[in-house]
Amino acid sequence: MSASVAVVIVTHHSHDLPLCLASIPGASTSPTLTVVVDNATSDDSVRTVMAENPEAVFIETGENLGYGRAVNRAVETLGPEIEWILVTNPDTVFGVGAIDTLMAVGESDPRIGSVGPRITNSDGSVYPSARSLPSLRTGTGHALFSRVWPTNPWTARYLRSSVYKRPGSDPVPAGWLSGACVLVRRTAFTEIGGFDPRYFMYFEDVDLGKSLGEAGWSNIYAPAATVEHAGGSSTARYSRRMLIAHHSSAALYLSKKYSAWYFWPLRTILRMSLFVRARLKS
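Residue 97 is where the sequence shown starts when you use my numbering, and the numbers rise one by one after that.
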């Protein structure tokens, strides 16, 4: 039986890949294809892991393409039988049956474009992975007050804090789902052109959720599927660089959102503000 879902893992100096790979068989009762894309890890650690997992497809990019471009590269290699793409970080560990649950939710409605699991941090807390699309008001309020006033209304609205506290495990619509682990319908992914390659890292998942929604697809949070995310093992090596990348990606997203010619003063102010904020925090 051929696989209908491909698990695409993008890695760059991450040492958690073996645990992620080991958790995949227990997460699905159906065949899955695993594709590991290495964004130019400078040592042989990924090659060593892949030699121990010969059933997985291994793609070496030869350069750091960034997250979205690396996923796009992997999708280009997939056969026509693959209709679902499970994009995940190498520092995730799938709960038992997690992929089956995500697939069941995705196949319950032909207009579902993406499905995201309940993501827990290594300490057991729930990561807010199903968020509202950022608006100028909520984005500004969240950026200004999230650290000094974590319970502020703008952050609560953006993170959708109440969603993670509600009882039960019924699926819930979301504006966008964390790219740390998200199942995407290939038809929908292809229709919107995949991840926007202009994002090196960060906000490519926000943009994906926005693009899917604008194309008539829905993004669904499925808390019955659980994934643990260690978080940040690759970005810790380049924290300043990644901070700048985060703000650059935020500027790109807002420029796309407010793309009309009459928004040019707003775009200029936003770019300057994000540039200054990145330098102050780095």
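Just so it is clear, CB atoms sit at the ideal spot from N, CA and C, and this is done for glycine as well.
Owing to the predicted nature of the structure, the values given are computational and were not obtained by experimental measurement.
Following the DSSP letters along the chain, one finds E300 in no beta strand (DSSP E) but inside the alpha helix (DSSP H) bounded by residues E300 to E310. Pairing T137 with H108, the inter-Cα distance amounts to about 5 Å. In the DSSP assignment, Y317 falls within the beta strand (DSSP E) that extends over S314 to H325.
Cα atoms of R253 and P269: separation of roughly 14 Å, rounded to the nearest angstrom. If only complete runs of 4 or more residues are kept, the region 167-250 shows the alpha helix (DSSP H) at 194-202 and 232-241, in order along the chain. The beta-carbon distance between G209 and V280, rounded to whole angstroms, is 7 Å. This is short enough to meet the 8 Å contact definition. Rounded to the nearest whole angstrom, the C-alpha separation of V153 and A147 is 11 Å.
D303 is a Cβ neighbour of Y349, given a cutoff of 7 Å. The beta carbon of V101 sits closer than 8 Å to those of S124, S126, T128, L129, I178, E179, W180, I181, L182, I195, M199 and L279, all from its chain and outside the five residues before and after it, given in chain order.
Inter-residue distance for P249 and A311 is about 29 Å (C-alpha atoms, whole angstroms).
Beta-bridge annotation (DSSP): C277 is paired with T184. Non-local C-beta neighbours of A166 in its own chain, meaning closer than 7 Å and more than five positions away in sequence, comprise V106, V133, N135 and T157, ordered along the chain. Around the Cβ of G212, a 10 Å sphere holds 16 or more other Cβ atoms; the residue is buried. DSSP, read as helix, strand or coil, puts P150 in coil. Here I120 is not bridged, per DSSP, to any residue. The criterion of a C-beta distance shorter than 7 Å is not satisfied by I215 and V131. DSSP, reduced to helix, strand and coil, places P114 within a helical segment of the structure shown. In this structure, the beta-carbon distance from L229 to K352 does not fall below 7 Å. Pairing S218 with A326 gives a Cβ-Cβ distance under 7 Å.
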